[in-house]
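Notes for the one structure printed next.
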Amino acid sequence: MLEEDNFNSTTDNRELMVADYFNNRNIYTLSLISPQNIEVRKGKTFSIQVSAQVNGSDTTEGLTFISDDVNVASVSEDGIINGIDEGDTVIKAMFRVAQPVEVNVRVVEALSQYQGSAQITFIGVVPDLRVGGAARTYTARFFDAQGNPLPSSLAVWSIIVDGIEGTPTWLTVEKNSTTIRIQVQNDIRLIGRTINLRLTDAGGISGTVLRIPITSLT
């Protein structure tokens, strides 16, 4: 028996509950972390990043990728896109009974000047957040295809927790066009959870994701 619950049309996430023989229920969630629109240079590769979870735990078992047009771009079982020939195609990620997610891929001879890379920087060795601790600041950096810095004012921030895009009530977030400050409330039940912080440029082409673990103060 299949029961559908909590379809979010904004983020294109769906949680599906499947009853097993022991009357337990598993929640399968699939969400896109990479930008939805990307450019790949002919002969080059790009790695799609998605979040596939069962009952809030990350997994790759049962996760598959397919290309609508393998003559334009192929994709490996690990989500590595290979630009074959100029054109447009769609790469789909599928995970068990969860709603598939799609990436629009354009293969080009040369990347546009704004197609480069993105980086999230922070002070310290690890990016973790501590329950009840001080807010941490994360800063956006963008580079063009030649590695030259681009204006950080192009930054668009997104937070993904348990496969759902949005800010949960236990996070305090302040963001602008270049930085984002995040603080976790003082609740020990949050220890061990993970936040996916996604950064894209205003055009949705260059992007990256930073996995931020939640730890204790000690």
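In the numbering used here, the protein residues as written are 1 to 218.
Cβ atoms here follow ideal geometry from the backbone N, Cα and C, with glycine treated the same way.
Please read all numbers here as calculations on a predicted model, not as lab measurements.
- Counting C-beta atoms within 10 angstroms of its own C-beta, Ser76 has fewer than 16 neighbours from the protein chains shown and is therefore classed as exposed.
- The beta carbon of Pro100 lies closer than 8 Å to those of Leu30, Lys92, Ala93, Met94 in the same chain, with the five residues before and after it left out.
- Rounded to whole angstroms, the Cβ separation of Ile48 and Gly79 is 4 Å, and the two are in contact under 8 Å.
- Each residue's CA atom was taken as its position, placing Val107 and Asp88 some 6 Å apart.
- In the structure shown, Ile159 adopts extended strand secondary structure according to DSSP, grouped into three states.
- In this chain, the beta strand (DSSP E) harbouring Arg136 covers 136 to 143.
- Counting C-beta atoms within 10 angstroms of its own C-beta, Val184 has 16 or more neighbours from the protein chains shown and is therefore classed as buried.
- Within the DSSP secondary-structure output, Asp58 pairs in a beta bridge with Gln53.
- The three-state reading of DSSP puts Leu217 in coil, since its state is none of H, G, I, E or B.
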